[in-house]
Amino acid sequence: MTSQQSARPPGSGTGEKASERSAPDAGGGSQQVARPLLDSTDINRSLMRIAHEIIERSEDPENLYLVAVPNGGIPLARQLAANLAQVAGVDVPVGVLDTTLYRDDLISTGSRPALRTTEMPSAVDGCVVLLVDDVVKTGRTIRAAMDALMDFGRPRAVQVVGLVDRGHRELPIKLDYVGKNVPTQVGEEVRLRSAGEGDSERLEVVVLPPPPDPGAGEGSK
12 MTSQQSARPP GSGTGEKASE RSAPDAGGGS QQVARPLLDS TDINRSLMRI
62 AHEIIERSED PENLYLVAVP NGGIPLARQL AANLAQVAGV DVPVGVLDTT
112 LYRDDLISTG SRPALRTTEM PSAVDGCVVL LVDDVVKTGR TIRAAMDALM
162 DFGRPRAVQV VGLVDRGHRE LPIKLDYVGK NVPTQVGEEV RLRSAGEGDS
212 ERLEVVVLPP PPDPGAGEGS K
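To convert a position in the sequence shown, counted from 1, into the numbering used here, add 11.
In C-alpha cells:
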C-alpha cells in the first residue's frame, strides 16, 4: 500500500514538533547561541549501536519495518536501515508517516495545517514496526504516529526509536531504543539540523536556550 499526501515545507507547523524538527536556524534578528549536543560522529555512533541492539532483540530481522516521523526522523531512519543492512544483511523497508491529521490539538487551535508527505512502500500487517524520531519530548507526536500507522495495517508490534529523549512526558510513551537521554528545561529547544554544505554536509543536534522574557530585568532598573 502506498499513500502520498501534499508536501509540507520543513520547519512549518505548530505543536511539539515545531520545536523538535530538523531545520536550520531562522534568519533575521538576534540569534540565540546554540549549545552543541551531538555531532555527526556521535549521531553515527548512536545509530550503529541502536542497529546492533535491534538485531540482538529481534526474533526475525526480515520482519522489521522502519517508519520515519518527519522531518527529523527521515535521515535517521535511512541511516538506520543502512546500518541494519551492514550488521545483519537485511533489507529493511523505510516508510515516512505524516502525523498532522492525528494531532490532538487540531480542534483546540482551529488551524488548517499543511500536510507533509506520507510514503509507505507496503502494508505493515504482521511486521515489527520501528517508529523513528529525532527528538522525543511530550510523547504526543509518537502517539499521533501510532494512530496514523493503524491506517496501513495491523503490525505485530510497534517500537519507538528516538535519537534524543529530553523527558517532560505528558503521555505514557516509553522509548525502546534511545541514542541519548538529555535532561532539559521545558523552554529549551532541541534541534536536529544540517551543518556544512555539499560533500561536507552533516547532521548535528544542538540545544537553544529559552527565548528571552521581554519583561525580564524591569524590576531591577
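In this text, a Cβ means the ideal position worked out from N, Cα and C, and glycines have one as well.
Predicted model only: the values in this text are computed from it and were never measured.
With contacts defined by Cβ atoms closer than 8 Å, Lys191 and Leu75 do not form a contacting pair.
By the Cβ-count criterion, Arg114 is buried, with 16 or more other Cβ atoms from all chains shown falling within 10 Å of its own Cβ. If you draw a straight line from the Cα of Val103 to the Cα of Val140, it comes to about 10 Å.
In this structure, the straight-line span from the alpha carbon of Pro194 to that of Asp162 is close to 34 Å. Looking at the DSSP output, Asn192 shares a beta bridge with Asp176. In the DSSP annotation of this structure, the continuous segment of the beta strand (DSSP E) that includes Ser205 starts and ends at Glu200 to Ala206. Check the Cα spacing between Leu87 and each of Gly173, Val101, Gly150 and Gly198: the tightest is with Gly173. Leaving aside the five residues that flank His179 on each side, the residues in its chain whose CB is nearer than 7 Å to its CB run, in chain order, Lys148, Thr149 and Val197. For the set Met131, Val44, Val175 and Lys185, the Cα lying nearest the Cα of Gly164 is the one of Met131. With a cutoff of 8 Å on beta-carbon distance, Leu219 and Ala45 are scored as near each other.
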